[in-house]
Every structure is written in C-alpha cells, then in structure tokens.
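Engineer: Residue numbers (UniProt numbering): 1 to 145. All residues carry an ideal CB built from backbone N, CA and C; glycine is no exception. Treat the numbers as computed from the prediction; the structure is a model and nothing was measured. Pasting in a structure now, in structure tokens, and then I'll have a few things to ask.
If you want it as structure tokens, here you go:
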C-alpha cells in the first residue's frame, strides 16, 4: 500500500476504536460531556469545523480517486490486451483488487467520520437534556418544599 492509503487505513482503524469507545454503555453522557469540556478541547474547538471539513474533502478526493481506478481496471479495454500476454491478465486483476480495497477503505473511513461526528453531537445533546431535566426537577422540588 502506498503512504496515502496506509494513512487512510490507519485513520479508519482509529475511527473504529474511537466509535467503539464512544459507544461503551458504562460511560455516562455526563462524563463524556465533561471530557468534551476539557481545556485542551476548548483550545482546539475553533479549528474543529475547519479540520472536519478538510478531512471530509481529503476523504472524498481519495474516494473519488479509488472509484476512478476501479472504473479504469473494470473496463473491458485492458482485457483485450490481456489475451496476448497472460501475465497482464493477472496484473490487471491485481490492480483491480487494490483499487477496490482502496475504495472500501476510503468509503468506510468517510462514512465513519460522519458517524463519529453525529455520535459526539448526540452525546452532547443528551447530556445537555439530562442536565436540563435535573435542573427542572430541582426547581420543582424547591417549589413544592
């Protein structure tokens, strides 16, 4: 694998690990919101949207490149020359396999990047709603007492 596809595969593995950690049932949404409000995240947050969209653009470009490669090696034109040279047939199928692998890696990475952003948003919304319910319950208790 070339360096760019190795980086995308590593990015995919990190995304899977982060999403699995975010979905652990024994970590409450309050705790996640506390983690998201650490000082380090406050310094990074102004750049978060720019970084998110930059990563989306990079993943889309890599996805389209992989799609172009799949179309190129799936076309019947290279197969005509493969009848002349039998090793060329294997070489074309090897390139097709690699391009399909790259397509799947970049596609899943793009999909999980969007899923991870949505999970973080839902965790923050759930924690905010939980805090609002707790505040209303305490206000209601004060009114009744």
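At the level of alpha carbons, what is the spacing between residue 94 and residue 60?
Structural biologist: Straight-line Cα distance between these residues: approximately 24 Å.
Engineer: From 1, 10 and 2, pick the residue whose C-alpha is nearest to that of residue 112; which is it?
Structural biologist: The candidate whose alpha carbon is nearest that of residue 112 is 10.
Engineer: Please classify residue 24: does DSSP put it in a helix, a strand, or coil?
Structural biologist: Residue state, collapsed to three classes: coil.
Engineer: Could you say which of 99, 67 and 35 lies nearest to residue 127 if we only look at CA atoms?
Structural biologist: Nearest C-alpha to residue 127: 35.
Engineer: Answer with buried or exposed for residue 44, where buried requires no fewer than 16 other C-beta atoms within 10 angstroms of its C-beta.
Structural biologist: Residue 44 is exposed by the Cβ-count criterion.
Engineer: Return the CA-CA distance between residue 69 and residue 96, expressed in angstroms with no decimal places.
Structural biologist: C-alpha separation (whole angstroms): 8 Å.
Engineer: Using the rule of at least 16 other Cβ atoms within 10 Å of the residue's Cβ for burial, across every protein chain shown, is residue 73 buried or exposed?
Structural biologist: That one is buried.
Engineer: Applying the 10 Å Cβ sphere with the 16-neighbour rule, what's the burial state of residue 102?
Structural biologist: Counting Cβ neighbours within 10 Å, residue 102 comes out buried, since at least 16 surround it.
Engineer: For residue 41, count neighbouring Cβ atoms within 10 angstroms of its own Cβ and tell me buried if that reaches 16, exposed if not.
Structural biologist: Classification of residue 41: exposed, given that the 10 Å Cβ count is below 16.
Engineer: Answer yes or no: do residue 123 and residue 29 have a C-beta to C-beta separation smaller than 8 Å?
Structural biologist: Contact flag set, yes.
Engineer: What are the boundary residues of the alpha helix (DSSP H) that includes residue 46?
Structural biologist: Counting along the chain, the alpha helix (DSSP H) containing residue 46 begins and ends at 39-74.
Engineer: So which of 129, 140, 114 and 135 has the shortest CA-CA distance to residue 19?
Structural biologist: The shortest C-alpha separation from residue 19 is found at 114.
Engineer: Could you give the residue range of the alpha helix (DSSP H) that holds residue 102?
Structural biologist: Segment 86-144, the alpha helix (DSSP H) holding residue 102.
Engineer: On the three-state DSSP scale, how would you describe residue 2?
Structural biologist: In this structure, residue 2 counts as coil in the three-state DSSP scheme.
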